[in-house]
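Q:
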Amino acid sequence: DEAPSVLFVDVMKTIAVADHVFTSFFPRLTIGSVVIHQDYFHHDLPFIKVIMESLAHRFEYLGECNSSAVFRCIAPVLMSDVLSFADIDDNVAISLHRCAERRTRNVYRRMLCRLSRARLLGLQGRRTDAEAELRRLRLRCLILRCFFLFGCFLLQREGIVFLQNSEPLDQFLQVRIVH
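Residue numbers are given in this note's numbering: position 98 of the sequence shown equals residue 92, and the series is strictly consecutive.
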């Protein structure tokens, strides 16, 4: 089996699949291999961020585009390095997730990460903490929406027509945790 020079991952929609991909493919990567996580910043898949951040000592973060994050392997990934999501302590998982949040400077991706953290808290059975996180996120979204609308108003005063698409913020305002 030849080591992949580029690993494009767009199948990790469940924890079981994510665990399988990490254990099956990541130990085969070599120094310089590039990993593109299609759903790294997806709000419903916190386990991708947690497991990848547990391997941060083996990868260099290169950047992001939409919901994808790009990493370069800087040290061989040992089988002993790859942890199953279920084997990661809850508090460690939150800490690793926060590392992922800090990777982006994009406001929208940070919001997606915060929403993902609420999802992680829900997966951990910490419903009260997840709901509190969602309340804080909702407040931030309202504040951002106010800034956005004020900016549109200022542009309009200058005769600049700006077509607003605030749907992503509207989605955040409607979010609820469902078990």
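Glycine residues also receive a C-beta, built at the ideal position from the N, C-alpha and C atoms.
Between Ala112 and Leu136, which are expected to be in contact by the criterion C-beta below 8 Å, what is the C-beta distance as a whole number of angstroms?
A: Between Leu136 and Ala112 the Cβ distance is about 16 Å, and since that is not below 8 Å, they are no contact.
Q: According to DSSP, is Leu115 helix, strand or coil?
A: Reduced to three states, the DSSP call for Leu115 is helix.
Q: Please state the DSSP three-state secondary structure of Ser64.
A: Position check: residue 64 holds Val in this sequence, whereas Ser was assumed. Correct three-state label for Val64: strand.
Q: So if DSSP puts Cys59 in a beta bridge, which residue, or which two residues, is it bridged to?
A: Assignment of beta-bridge partners to Cys59 by DSSP yields Ser62.
Q: Taking DSSP's pairing of strands, which residues face His174 in a bridge?
A: The chain is shown from -5 up to 173; residue 174 falls before or after that span and cannot be answered.
Q: How should Arg121 be labelled, buried or exposed, when 16 other C-beta atoms within 10 angstroms of its C-beta is the threshold for buried?
A: exposed
Q: Can you give me the C-alpha to C-alpha distance between Leu72 and Asp4, rounded to a whole angstrom?
A: 22 Å
Q: Using the Cβ count rule (16 or more neighbours within 10 Å means buried), how would you classify Cys107?
A: Counting the other Cβ atoms within 10 Å of the Cβ of Cys107 gives 16 or more, which makes it buried.
Q: Grab me the residues of Phe41's own chain with a C-beta within less than 7 Å of its C-beta, minus the 5 sequence neighbours each way, in chain order.
A: Contacts found: Ile9, Ala12, Phe79.
Q: Cβ of Phe16 within 7 Å of Cβ of Val64?
A: no
Q: Output needed for Met6: all residues of its chain with C-beta closer than 6 Å, excluding positions within five of it in sequence on either side, in chain order.
A: Ala12, Val15, Ile42
Q: Return helix, strand or coil for Glu(-4), following the three-state DSSP convention.
A: In the structure shown, the three-state DSSP call for Glu(-4) is coil.
Q: Could you give the residue range of the alpha helix (DSSP H) that holds Asn45?
A: It should be pointed out that residue 45 corresponds to Ile in this sequence rather than to Asn. Residues 40 to 48.
Q: By how many angstroms is the C-alpha of Arg130 removed from the C-alpha of Leu157?
A: Only weak support exists for where Leu157 lies, its pLDDT of 48 falling under 50; the value from the coordinates is given anyway. When rounded, the distance between both Cα atoms is 28 Å.
Q: Beta-carbon within less than 7 Å of Val68's beta-carbon, same chain only, minus the 5 sequence neighbours each way: which residues are those?
A: Note on residue identity: the sequence assigns Ile, not Val, to residue 68. The answer, listed in chain order, is Ile25, Arg52, Phe53, Glu54.
Q: Excluding five sequence neighbours on each side, which residues of the same chain lie with their C-beta closer than 6 Å to the C-beta of Gln118?
A: Asp84
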